[in-house]
Amino acid sequence: MRVAIAGAGLAGLSCAKYLTDAGHTPIVLESRDVLGGLVAAWKDSDGDWYETGLHAFFGAYPNMLQLLKELGIEDRLQWKEHTLIFNQPDKPGTLSRFDVPDIPSPFNVIASILRNKDMLTWEQKIRFAVGLLPAVIRGQKYVEDMDKYSFLEWLKRQGVDERVTSDVFIAACKALTFINPDEVSATILLTALNRFLQERYGSKIAFLDGSPTERLCSPMVDYITKRGGEVQLNAPLKEILLNTDGTVKGYLIRGLNGAEDEVFTADVYVSAMSVDPLKVMLPKPWKQMEFFQKLEGLEGVPVINLHLWFDRKLTEIDHLLFSRSPLLSVYADMSNTCREYANPNRSMLELVLAPAKDWIAKSDEEIVAATIAELEKLFPDHFGGDNPATLLKSHVVKTPRSVYKATPGRQQYRPAQVTPIGNFYLAGSYTMQRYLGSMEGAVLSGKLTAQAISEALPVANSSNLQTLTRPPATNAATA
Ligand SMILES: Cc1cc2nc3c(=O)[nH]c(=O)nc-3n(C[C@H](O)[C@H](O)[C@H](O)COP(=O)(O)OP(=O)(O)OC[C@H]3O[C@@H](n4cnc5c(N)ncnc54)[C@H](O)[C@@H]3O)c2cc1C
Numbered sequence: 027m028r029v030a031i032a033g034a035g036l037a038g039l040s041c042a043k044y045l046t047d048a049g050h051t052p053i054v055l056e057s058r059d060v061l062g063g064l065v066a067a068w069k070d071s072d073g074d075w076y077e078t079g080l081h082a083f084f085g086a087y088p089n090m091l092q093l094l095k096e097l098g099i100e101d102r103l104q105w106k107e108h109t110l111i112f113n114q115p116d117k118p119g120t121l122s123r124f125d126v127p128d129i130p131s132p133f134n135v136i137a138s139i140l141r142n143k144d145m146l147t148w149e150q151k152i153r154f155a156v157g158l159l160p161a162v163i164r165g166q167k168y169v170e171d172m173d174k175y176s177f178l179e180w181l182k183r184q185g186v187d188e189r190v191t192s193d194v195f196i197a198a199c200k201a202l203t204f205i206n207p208d209e210v211s212a213t214i215l216l217t218a219l220n221r222f223l224q225e226r227y228g229s230k231i232a233f234l235d236g237s238p239t240e241r242l243c244s245p246m247v248d249y250i251t252k253r254g255g256e257v258q259l260n261a262p263l264k265e266i267l268l269n270t271d272g273t274v275k276g277y278l279i280r281g282l283n284g285a286e287d288e289v290f291t292a293d294v295y296v297s298a299m300s301v302d303p304l305k306v307m308l309p310k311p312w313k314q315m316e317f318f319q320k321l322e323g324l325e326g327v328p329v330i331n332l333h334l335w336f337d338r339k340l341t342e343i344d345h346l347l348f349s350r351s352p353l354l355s356v357y358a359d360m361s362n363t364c365r366e367y368a369n370p371n372r373s374m375l376e377l378v379l380a381p382a383k384d385w386i387a388k389s390d391e392e393i394v395a396a397t398i399a400e401l402e403k404l405f406p407d408h409f410g411g412d413n414p415a416t417l418l419k420s421h422v423v424k425t426p427r428s429v430y431k432a433t434p435g436r437q438q439y440r441p442a443q444v445t446p447i448g449n450f451y452l453a454g455s456y457t458m459q460r461y462l463g464s465m466e467g468a469v470l471s472g473k474l475t476a477q478a479i480s481e482a483l484p485v486a487n488s489s490n491l492q493t494l495t496r497p498p499a500t501n502a503a504t505a
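Residue numbering for the sequence shown follows this note's numbering, starting at 27 and increasing by one per position.
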């Protein structure tokens, strides 16, 4: 059965991969000339890679890890020491670590918190642990119910001191969602904390050994094409064409460079575009349907990813760092963390600037200058004095609409992969799955979509598509 998938981000590629496993023929149609969507990367004229985002993989990403295994590329993840490392703004240049010992969960995470003496007092630790109890005991249902509160409101309701927020959770919220604790839904942080508390290696971090486009997306494309599928770049979906009964008749693909638009037909259609372009493209009759109207409650959040190459080594740390800077979120010296970007003499810092709403319209020069000013606090030894580090070059990648903005109340707007339209499905990290707006969420969503298609239309029955009917869509998607 031919399945047309719009979007070659991780969700679209994962959907195609699992469809080929089920014996279907997916054709992925990507608007840009690069694979990966939010994990896309490019090589500059010097041969240096720059990326849409600094991407960390976690031990608590079972579907991503399984996918890498199935592709035979799990050795491309470079696992780091089991620790979380934070800068200390009040002591410039110093770090505070949460070292996670190799003992069963949740004792390993609890031990890491108890052993950290820099960031929390005993009273704060105990209050936070007590506050977290309902999430641990009552599980995911409680976590979902907390979507009505921002994480800051939730902390206050649990009687947790504000310093815990400023010390630990501003950094965590910015890293996970690119917004601050007063804006982010409590469900997000509680979901991540639950995973970290329940899985021994859940909070262990890995980096890919090169660019995601080359090291992760290309192997997915090879897998898909070897099994009869296709991935086409420069094939932007312009319009979803409908039959008189409201089902999809075809995808109208915009002709580039003066070429004519083309109608692409298949047996089943998937949107693996992010939510913002999908909303723009919804056919008029669908806009009346509650399922699609809910998408109006979702929109992408702005974020900026910077790459700064310096004339010297700024640090030997081979890990993700939480900057705890008002301007920046996480960063890493990719010359240490990533095999393909390795350089023993010079640092390449990759930094996420978030929240980015006040910066997204500014020039690259302004953004780089503000970031360098922050680096003076993170690396005072290299930016003060007579011989400060010299910036050799930089790349700034702005994404005005990235993952869905995870403010309180968004869970109810996240759609199931199965839609009320008989031959139309959704994939994307914004769709309902338990891993939120992440790479794991994208891969899982694609897998769920492929499963739903295969269940509705087993390959043996694929000639019988015209009789397809669909029960009302549900949010039943779970990992
Ligand atoms: C700065 C940054 C840092 C991040 N850090 C992490 C991290 O450390 N860990 C983590 O797990 N996640 C991280 N993420 C999130 C992660 O990248 C995303 O959740 C995931 O990649 C989303 O995949 P997706 O396939 O759902 O959507 P997208 O990647 O948005 O894919 C959608 C695709 O659809 C295509 N498309 C759009 N319109 C059309 C059209 N008209 N026709 C055809 N195609 C179209 C797009 O070009 C794109 O390729 C980060 C994201 C960013 C931006």
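Note that the Cβ used here is the ideal one computed from N, Cα and C, for glycine as well. Since this is a predicted model, take the numbers as computed values, not measurements.
Checking the 7 Å criterion, the Cβ of residue 374 is out of range of every heavy atom belonging to ligand 1. Here the alpha carbon of residue 334 sits roughly 29 Å from the alpha carbon of residue 325. Judged by the Cβ position, residue 64 qualifies as a neighbour of ligand 1 at the 7 Å threshold, a heavy atom of the ligand being closer than this. Residue 43 sits in a helix when the DSSP states are folded into three classes.
Residue 432 is a Cβ neighbour of residue 211, given a cutoff of 8 Å. The DSSP-derived three-state label of residue 365 is helix. When DSSP states are grouped into helix, strand and coil, residue 236 belongs to the coil group. In summary, residue 318 is buried, with 16 or more beta-carbon neighbours lying within 10 Å of its beta-carbon over all protein chains present. Per DSSP, reduced to three states, the secondary structure at residue 161 is helical. By the Cβ neighbour-count rule, residue 475 is buried, with 16 or more other Cβ atoms within 10 Å of its own. Annotated three-state conformation of residue 117 is coil, per DSSP. For residue 420, the distance from the CB to the nearest heavy atom of ligand 1 is not below 7 Å. Excluding residues up to 5 positions away in sequence, 318 lie with their Cβ nearer than 6 Å to the Cβ of residue 312 in the same chain.
The nearest non-hydrogen atom of ligand 1 is 7 Å or more from the C-beta of residue 282. Its Cα nearest to that of residue 186, the residue 152 stands out among 174, 163 and 152.
Using a Cβ distance threshold of 8 Å, residue 65 and residue 199 do not count as a contacting pair.
For the region 363 to 447, the full-length beta strand (DSSP E) segments reaching 3 residues or more read 374 to 379 and 417 to 425 along the chain. At least one heavy atom of ligand 1 is found less than 7 Å from the C-beta of residue 428.
The C-beta distance from residue 234 to residue 81 rounds to 7 Å, short enough to fall under 8 Å.
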